[in-house]
Amino acid sequence: MSKEITGSEALILSLLNEGVDTIFGYPGGAIMPVFDCLYDYRNKINHILVRHEQGATHAAEGYARTSGKVGVALVTSGPGATNTITGIADAMIDSTPMIVISGQVASSLLGSDAFQEADVVGISQPVTKWAYQIRRPEDIAWAVARAFYIAASGRPGPVLLDITKDAQFGKVSNYEYKKASFIRSYQPIPEVNIPAIEEAAKLINQAKKPYALVGQGVILGGAEKELLTFLEKAGIPAASTVLGLSAMPTDHPLHVGMLGMHGNIGPNQKTNECDVLIAIGMRFDDRVTGDLKTYAKQAKVIHFDIDPAEIDKNVYAHVKVLGDAKQTLAAITEKIEENNHKDWLQEFRACDQREYDAVIKYELYPTTGQLKMGEVIRKVSEATDNKAVLVTDVGQHQMMGVRYFKYSQSRSVVTSGGLGTMGFGLPAAIGAKYGTPERTVCLFVGDGGIQMTIQELGVIMQYGVNVKIILLNNHFLGMVRQWQELFFEERYSETVMTNPDFVKISNAYDIPARKVETREELDDAIAEMLNYDGAYLLDVQVETKGMVYPMVPAGTCVTNILLGNE
Amino acid sequence: MENKTLFTVTIFSENTAGLLSQVTSVFTRRQLNIETLSVSPSALEGIHKFTVTTFSTKEEIEKVVKQIDKKVDILKAYFNTDEELVHQEIALYKLSTPEFLRIPSVEELIRKYNAQILDITETYVVIQKTGYYAETQSLFKELSELIGVLQFIRSGRVAITKSKTERLSDMLQSLDKKQK
Numbered sequence: 025m026s027k028e029i030t031g032s033e034a035l036i037l038s039l040l041n042e043g044v045d046t047i048f049g050y051p052g053g054a055i056m057p058v059f060d061c062l063y064d065y066r067n068k069i070n071h072i073l074v075r076h077e078q079g080a081t082h083a084a085e086g087y088a089r090t091s092g093k094v095g096v097a098l099v100t101s102g103p104g105a106t107n108t109i110t111g112i113a114d115a116m117i118d119s120t121p122m123i124v125i126s127g128q129v130a131s132s133l134l135g136s137d138a139f140q141e142a143d144v145v146g147i148s149q150p151v152t153k154w155a156y157q158i159r160r161p162e163d164i165a166w167a168v169a170r171a172f173y174i175a176a177s178g179r180p181g182p183v184l185l186d187i188t189k190d191a192q193f194g195k196v197s198n199y200e201y202k203k204a205s206f207i208r209s210y211q212p213i214p215e216v217n218i219p220a221i222e223e224a225a226k227l228i229n230q231a232k233k234p235y236a237l238v239g240q241g242v243i244l245g246g247a248e249k250e251l252l253t254f255l256e257k258a259g260i261p262a263a264s265t266v267l268g269l270s271a272m273p274t275d276h277p278l279h280v281g282m283l284g285m286h287g288n289i290g291p292n293q294k295t296n297e298c299d300v301l302i303a304i305g306m307r308f309d310d311r312v313t314g315d316l317k318t319y320a321k322q323a324k325v326i327h328f329d330i331d332p333a334e335i336d337k338n339v340y341a342h343v344k345v346l347g348d349a350k351q352t353l354a355a356i357t358e359k360i361e362e363n364n365h366k367d368w369l370q371e372f373r374a375c376d377q378r379e380y381d382a383v384i385k386y387e388l389y390p391t392t393g394q395l396k397m398g399e400v401i402r403k404v405s406e407a408t409d410n411k412a413v414l415v416t417d418v419g420q421h422q423m424m425g426v427r428y429f430k431y432s433q434s435r436s437v438v439t440s441g442g443l444g445t446m447g448f449g450l451p452a453a454i455g456a457k458y459g460t461p462e463r464t465v466c467l468f469v470g471d472g473g474i475q476m477t478i479q480e481l482g483v484i485m486q487y488g489v490n491v492k493i494i495l496l497n498n499h500f501l502g503m504v505r506q507w508q509e510l511f512f513e514e515r516y517s518e519t520v521m522t523n524p525d526f527v528k529i530s531n532a533y534d535i536p537a538r539k540v541e542t543r544e545e546l547d548d549a550i551a552e553m554l555n556y557d558g559a560y561l562l563d564v565q566v567e568t569k570g571m572v573y574p575m576v577p578a579g580t581c582v583t584n585i586l587l588g589n590e
Numbered sequence: 016m017e018n019k020t021l022f023t024v025t026i027f028s029e030n031t032a033g034l035l036s037q038v039t040s041v042f043t044r045r046q047l048n049i050e051t052l053s054v055s056p057s058a059l060e061g062i063h064k065f066t067v068t069t070f071s072t073k074e075e076i077e078k079v080v081k082q083i084d085k086k087v088d089i090l091k092a093y094f095n096t097d098e099e100l101v102h103q104e105i106a107l108y109k110l111s112t113p114e115f116l117r118i119p120s121v122e123e124l125i126r127k128y129n130a131q132i133l134d135i136t137e138t139y140v141v142i143q144k145t146g147y148y149a150e151t152q153s154l155f156k157e158l159s160e161l162i163g164v165l166q167f168i169r170s171g172r173v174a175i176t177k178s179k180t181e182r183l184s185d186m187l188q189s190l191d192k193k194q195k
């Protein structure tokens, strides 16, 4: 291409070169040249107008999480850009590939406190994988190529590109796009260390009680098949972190449940009984480990990760297997012996029975009293044949959601794991649907969280986004209330909410909605929601003081499990 | 408090804007005070070198270095203890010329510390001392007591490893091969 084009057009062409077909954004002064150019390309790039820039980032995250592609958000300078910071931080801690493109005041005005000027590169640096300001139109293609390479490769993460207005207006004469595949200061995938693989295989072959912890790294690396082959060959029980869920099907015989503060009893307890602990693409978050001083001290730890900074960060690894899980799991599978650990696996199942008797049966199959979150979630899951994508906000419904939803295929969980961002759910569900249009997307959200980004109902209305919204409404900030009940002497400081009529709100956005108050009407309401061709909101009145159990109180030993009813 | 050692962190980076704050924020997040900091172009064109000293434990400094190394524009970061390094700081002392002339034992002090005189005017004398922190500090103390110091400034540490191989150039060579 030899004709002169503007920087804005160079940006759009670069996005097209990276295969971008959907972006989430909001216009404003300093990004207007790009939006103007977008008008010419509206048949090639589907721009979704969100209602707040935070929504654009969460939608881009949801899109990335279900599609596996890089999510893109486009916003203006100043407040537009600062509104994206929460979503950027969320994507950083959950390793979500995302590019936020922000407009910036003209380069001649930089540093002058110009209208809508904010140092967004400086602000975002601690929460981005890379943040860069483009001040010349000829740098756009280079920077976009680099941004996509950095966001998607190795351990994925968010990248911010801040483009000054003069760079958008300025002319590029010899536009040429070349995808990036090498940056000398950046090595996304460490080389596989064969001796480490051999050492790990030796430990696994000798193990009597091997136990695998599956993290999101498996999904990000597209290593689901390699994981199952590995686990099945040696008969190793495996539990998932919240973000690792759906890497293997819930009902797989070797899947023993979920880890963490509200995880299953077996996965937590057996962490301190196994002899070889095999962590795969997970980062030993404090919500998983509890007190590190008492965590898996009896075990030899093998840590598979793509990010060298995660190795030995929280838990010392006796064997450190760096690399892409798809390669390292395939390599170790060749070196391990066929085995099964039936008795050991059975021990997990015994824990499951205890959990069923103490917690699950009350949560899933109550016959009296108000509706419970767990029963609603499991019913929705089953009504979709366990094939839907679960999107959650943050809080009690989130923990209930990930616990009781069931997964039959990968990339079925979209939730804010690391940052715990209330308000994530609704926009993320919109993005998740664009990321996988053929799948049913079910959003579970609390009455607190939905009100943090409720304006995004407007997006659903404008574009007819088919998401099923199940509002688990307990009229409380439930998770905080639970902690107040357990650890703050039932002093319910600022956790009671007087809520609006969500059915009316939903209807005002032209989204059909139904309030559900009794167990008898639940099945019918779920069927109505799922059968409706389009978005639908169920306002489910659940018990006001429900508790999420089991619970490992923060900072205590993983075997210190509260069960409530027991 | 745990026993903390003074570590020297050496960082090689691309010469891009904003890297200093990225580097320092890794220390800040872990509540480590930076004792000294020195930044300059390295022997290799286009590559900058940071030398940072901080009191820390080995476990902690390993994590800090990994977090720094992880940044996209950082080529390489590593840490050393004093035993593994030849290191130096430079200090400048401004003294009053009339006092300098009045007290003859200042000359002895300058000889003893092997300091140099950089500039003399009617009102002030500037002397320079290179050495370890303890040495420049000790001279500061003695000068203060003897004639008083008008101004004092000390640089961040610069350091060279005693290792026989040059880590960065080896790394760059293997990277070049990779690209080809």
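Protein chains in written order, with our numbering: chain A, 25 to 590; chain B, 16 to 195.
We put the beta carbon where it would ideally sit given N, CA and C, even for glycine.
DSSP beta-bridge partners of residue i
i, result
"residue 565 of chain A", "A:497"
"residue 49 of chain A", "A:73, A:98"
"residue 142 of chain B", "B:108, B:132"
"residue 295 of chain A", "DSSP, once it has assigned bridges, lists no residue as partnering residue 295 of chain A."
"residue 470 of chain A", "A:496"
Backbone CA spacing between residue i and residue j [nearest angstrom]
i, j, result
"residue 164 of chain B", "residue 31 of chain B", "39 Å"
"residue 457 of chain A", "residue 86 of chain A", "8 Å"
"residue 270 of chain A", "residue 470 of chain A", "22 Å"
"residue 349 of chain A", "residue 418 of chain A", "28 Å"
"residue 203 of chain A", "residue 169 of chain A", "5 Å"
"residue 264 of chain A", "residue 161 of chain A", "45 Å"
"residue 37 of chain A", "residue 347 of chain A", "33 Å"
"residue 562 of chain A", "residue 96 of chain A", "30 Å"
"residue 590 of chain A", "residue 382 of chain A", "For residue 590 of chain A, the pLDDT reaches just 46, beneath the cut-off of 50, and the residue's location in the model is therefore unreliable, leaving the point undetermined."
"residue 371 of chain A", "residue 272 of chain A", "20 Å"
"residue 24 of chain B", "residue 74 of chain B", "14 Å"
"residue 213 of chain A", "residue 243 of chain A", "16 Å"
"residue 25 of chain A", "residue 490 of chain A", "Model confidence at residue 25 of chain A stands at a pLDDT of 48, short of 50, so the residue's coordinates are unreliable and nothing is read from them."
"residue 322 of chain A", "residue 297 of chain A", "7 Å"
"residue 116 of chain A", "residue 136 of chain B", "57 Å"
"residue 354 of chain A", "residue 150 of chain A", "34 Å"
"residue 426 of chain A", "residue 402 of chain A", "10 Å"
Top-ranked residue by Cα proximity to residue i, from the options
i, options, result
"residue 217 of chain A", "A:444, A:330, A:134", "A:330"
"residue 35 of chain B", "B:46, B:23, B:55", "B:55"
"residue 18 of chain B", "B:48, B:70, B:40, B:82", "B:70"
"residue 519 of chain A", "A:416, A:535, A:498", "A:498"
"residue 50 of chain B", "B:179, B:39, B:126", "B:39"
"residue 221 of chain A", "A:152, A:159, A:360", "A:360"
"residue 113 of chain B", "B:139, B:53, B:20", "B:139"
"residue 141 of chain A", "A:186, A:179, A:282", "A:186"
"residue 480 of chain A", "A:98, A:503, A:73, A:545", "A:73"
"residue 268 of chain A", "A:412, A:521, A:246", "A:246"
"residue 192 of chain A", "A:206, A:234, A:125, A:215", "A:125"
"residue 409 of chain A", "A:465, A:189, A:108", "A:465"
Under 7 Å from the C-beta of residue i: neighbouring residues of chain A
i, result
"residue 190 of chain B", "208"
"residue 29 of chain B", "209"
Interface residues of chain B facing residue i [CB-CB closer than 8 Å]
i, result
"residue 146 of chain A", "33, 36"
"residue 333 of chain A", "78, 81, 82, 84, 85"
"residue 149 of chain A", "33, 36, 37, 40"
Closer than 7 Å at the beta carbon, the chain B residues around residue i
i, result
"residue 337 of chain A", "78"
Min CB distance residue i to chain C below 8 Å
i, result
"residue 153 of chain A", "As a matter of chain content, chain C is missing from the structure shown, whose protein chains are A and B."
Contacts of residue i in chain A (Cβ-Cβ under 9 Å)
i, result
"residue 161 of chain B", "Per Cβ cutoff of 9 Å: no residues; residue 161 of chain B is ~46 Å from chain A at best."
"residue 88 of chain B", "154, 207, 209, 210"
Under 8 Å from the C-beta of residue i: neighbouring residues of chain A
i, result
"residue 194 of chain B", "206, 208"
Problem set entry | Positions along the stretch 31–58 of chain B whose CB lies within less than 7 Å of some CB in chain A | From the stretch 31–58 of chain B, only 33, 36, 37, 40 have a Cβ closer than 7 Å to chain A.
Exercise. Of all the residues that make up the stretch 162–196 of chain A, which are near chain B by a beta-carbon distance shorter than 8 Å?
Worked result: So the list reads 174, given in the order they occur along the chain.
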